[in-house]
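2 protein chains.
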Amino acid sequence: MDEAAALLSGAWTPHVLWYLSKQPRRFGELRKDIPGISARTLSARLRELLEKGVVTCTPLATSPPSAEYALTEIGHKIVPALTALVDAALKLRLGQAPAASRRSGQ
Amino acid sequence: MDEAAALLSGAWTPHVLWYLSKQPRRFGELRKDIPGISARTLSARLRELLEKGVVTCTPLATSPPSAEYALTEIGHKIVPALTALVDAALKLRLGQAPAASRRSGQ
DNA sequence: CAGTATCCGCGCGGATACTG
DNA sequence: CAGTATCCGCGCGGATACTG
Numbered sequence: 006m007d008e009a010a011a012l013l014s015g016a017w018t019p020h021v022l023w024y025l026s027k028q029p030r031r032f033g034e035l036r037k038d039i040p041g042i043s044a045r046t047l048s049a050r051l052r053e054l055l056e057k058g059v060v061t062c063t064p065l066a067t068s069p070p071s072a073e074y075a076l077t078e079i080g081h082k083i084v085p086a087l088t089a090l091v092d093a094a095l096k097l098r099l100g101q102a103p104a105a106s107r108r109s110g111q
Numbered sequence: 006m007d008e009a010a011a012l013l014s015g016a017w018t019p020h021v022l023w024y025l026s027k028q029p030r031r032f033g034e035l036r037k038d039i040p041g042i043s044a045r046t047l048s049a050r051l052r053e054l055l056e057k058g059v060v061t062c063t064p065l066a067t068s069p070p071s072a073e074y075a076l077t078e079i080g081h082k083i084v085p086a087l088t089a090l091v092d093a094a095l096k097l098r099l100g101q102a103p104a105a106s107r108r109s110g111q
């Protein structure tokens, strides 16, 4: 369970994996995909995911150098977890108002 | 996706949900289930999950007062995500050594 | 037992500036 | 474009002490 939680550690990790699950993306593309993430953080998360064997990095020999990131086979195994999470979030949003009548001050 | 990630925010949240998914548990039981978590943090996470409508709290009228926490219907919807995550973690552990031969200095 | 209050440290992540 | 280095702030979480 610790290892499982570690897969999504970092506030932006789920976002990074989410966009990579749709298609391989370059660094700059991910920055645009994920408004608010800084280059520093994106770089840090990607390196973590590289270390874990969840994503691959393919430097492209284009004249403006670029690099393409993609999920590995193992990385794709995390996608169902993300999908289930998003699904739960949607259900939660629907169930929220009508059901509990929680008077959360905030 | 932000809301989805928020469901597991906090280092201990996945653990709390994981143990509650198995059976309803009292505060002290969760503390023992999750070695290393402090009362403060467990309390904070449980209150967050209460606010989100993911868990319920049932005070028990036992002579040493106790309270039982359980997943709500919505809370149970998060369980598949946890399962998928653990599953991916297991796959990752197996795939790690034989595959990549990453020479991570660290 | 079930929490809450206070204090505090550390790590995550932003901003900025810079390199290849 | 694709990063990395430095600096810094904030929030999460631990330790401790305390209440009902």
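For the record, the sequence lines run as chains S and B. FYI, the numbering for the first sequence is 6 to 111, going by the numbering used here. FYI, the numbering for the second sequence is 6 to 111, going by the numbering used here. Backbone N, C-alpha and C define an ideal beta-carbon position, used for all residues, glycine too. Just so it is clear, the structure is predicted and the values come from calculations on it, not from any experiment.
Own chain, CB closer than 7 Å to S:R52, minus 5 neighbours either side, in chain order: Walking along the first sequence from the start, residue 52 of chain S turns up at place 47. Excluding residues within five positions, none has a Cβ falling inside 7 Å.
N-terminal and C-terminal residue of the beta strand (DSSP E) that B:V60 is part of: Your numbering for residue 60 of chain B matches position 55 in the second sequence. First-last of the beta strand (DSSP E) with B:V60: 60-65.
Residue interval of the alpha helix (DSSP H) (run including S:L47): On the first sequence, position 42 is the one that residue 47 of chain S refers to. From DSSP, the alpha helix (DSSP H) with S:L47 extends over 44-56.
Anticipated Cβ contact below 8 Å, B:G58 with B:T88, distance rounded: Residue 58 of chain B sits at position 53 when you count from the first residue of the second sequence. Residue 88 of chain B sits at position 83 when you count from the first residue of the second sequence. For B:G58 against B:T88, the beta-carbon gap comes to about 21 Å, at or over 8 Å, which does not count as contact.
CA nearest to the CA of S:A16, picked from S:V60, S:E73, S:P64, S:S43: Taking the first residue of the first sequence as position 1, residue 16 of chain S is located at position 11. Closest option to S:A16, Cα to Cα, is S:S43.
S:R98: contacting residues in chain B (beta-carbon distance under 9 Å): Here residue 98 of chain S refers to the residue found at position 93 of the first sequence. The contacting residues are E8.
Where B:G80 falls, given that 16 or more other Cβ within 10 Å makes a residue buried: Looking up residue 80 of chain B in the second sequence gives position 75. Per the 10 Å Cβ criterion, buried.
Distance between beta carbons of S:L13 and B:L90, contact taken as under 8 Å: Residue 90 of chain B sits at position 85 when you count from the first residue of the second sequence. Residue 13 of chain S sits at position 8 when you count from the first residue of the first sequence. Correct: roughly 7 Å between the Cβ atoms.
Check whether B:F32 and B:A72 have beta carbons under 8 Å apart: Residue mapping note: residue 32 of chain B aligns to position 27 of the second sequence, counting from 1. Residue mapping note: residue 72 of chain B aligns to position 67 of the second sequence, counting from 1. If you check the CB distance, B:F32 and B:A72 come in under 8 Å.
Alpha-carbon spacing of S:L54 relative to S:V84, whole angstroms: In the first sequence, counting from the first residue as 1, residue 54 of chain S sits at position 49. In the first sequence, counting from the first residue as 1, residue 84 of chain S sits at position 79. As the crow flies, the alpha-carbon of S:L54 is around 14 Å from that of S:V84.
Under 7 Å from the C-beta of B:P85: neighbouring residues of chain S: Counting from one through the second sequence, the residue named residue 85 of chain B turns up at place 80. By Cβ distance, chain S contributes A89.
Pair within 8 Å by beta-carbon distance, B:A94 and S:A94: As a position in the second sequence, residue 94 of chain B is number 89, starting the count at 1. As a position in the first sequence, residue 94 of chain S is number 89, starting the count at 1. Contact flag unset, no.
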